[in-house]
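Residue numbers are given in this note's numbering: position 50 of the sequence shown equals residue 56, and the series is strictly consecutive. Everything on this sheet refers to the single structure shown next.
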Amino acid sequence: WGLSMALHEESVLDPRFGDYVNHDFAEYHIATNADVGEIDVSWIEEADPHVNPMGVKGIGEIGIVGTAAAIANAVYHATGIRVRDLPITLDKLLP
């Protein structure tokens, strides 16, 4: 989820050992279905023989790309603070 990338996901390294501190889903927070509103999906039948021999395409990757940027811009318009480091957390918005 792009929402998760913008607001939750962060890899934390232990500076002493260089190992990940949050290496499992108990520590690496991701958004769940309860965090995301209802999504309306429309299937579009489209023949495209140039994609690959099976004619299949990915469905989720494209929507994730701009989501974090859109959320960062929404935070900027609401607060006047430009956050350039993900995830966007409250401590990055407070002086």
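C-beta: ideal position from N, C-alpha, C; glycine also.
For residue i, the nearest candidate out of the options (CA to CA)
| i | options | result |
| --- | --- | --- |
| residue 92 | 76, 24 and 84 | 76 |
| residue 32 | 84, 68 and 17 | 17 |
| residue 7 | 68, 62, 85 and 52 | 68 |
| residue 48 | 39, 65, 59 and 21 | 65 |
| residue 37 | 29, 30 and 10 | 10 |
| residue 84 | 20, 44 and 99 | 99 |
| residue 52 | 61, 46 and 82 | 61 |
Residue range of the alpha helix (DSSP H) that includes residue i
| i | result |
| --- | --- |
| residue 52 | Run containing residue 52: none; DSSP gives neither H nor E here. |
| residue 10 | 8-13 |
| residue 84 | 73-85 |
Inter-residue CB distance, residue i and residue j (contact presumed, cutoff 8 angstroms)
| i | j | result |
| --- | --- | --- |
| residue 63 | residue 57 | 6 angstroms |
**Asked** Given 8 angstroms as the limit, is there contact between the stretch 9-23 and the stretch 83-98, that is, 3 or more CB pairs closer than that?
**Response** yes
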